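So for the sequence shown, the working numbering puts the first residue at 433; every next one is plus one.
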Amino acid sequence: MKILVNKIQCKACGDVIESIPGDDFKFCKCRAVAVDGGLDYLRRLGAPEKWIELSEYTEE
């Protein structure tokens with residue numbers, strides 16, 4: 433898998449957060465969810481039902 437975009441949207445506050453370089457850990461403004469990994473890996477913090485997955489990747 434090749435990651436093109438590593439991004440989620442928080443259902444609680446509506447923030448769209450994106451991790452660009454590796455180890456780019458970011459919380460949404462209400463701190464309910466976070467994203468990490470840049471284009472190296474997909475890592476999420478928070479309950480899966482609290483975010484909308486917006487990442488894009490290719491199956492390589």
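Ideal Cβ placement from N, Cα and C applies to all residues, glycine included.
Keep in mind it's a predicted model, so treat the numbers as computed, not measured.
In three-state terms, what does DSSP make of residue i?
{"i": "Glu481", "result": "helix"}
{"i": "Glu492", "result": "coil"}
{"i": "Cys460", "result": "coil"}
{"i": "Lys434", "result": "strand"}
{"i": "Lys443", "result": "coil"}
{"i": "Ile449", "result": "strand"}
In the DSSP assignment, what are the bridge partners of residue i?
{"i": "Arg476", "result": "Val467"}
Are residue i and residue j closer than 7 Å when you measure CB to CB?
{"i": "Leu474", "j": "Ala466", "result": "no"}
{"i": "Lys443", "j": "Ser487", "result": "no"}
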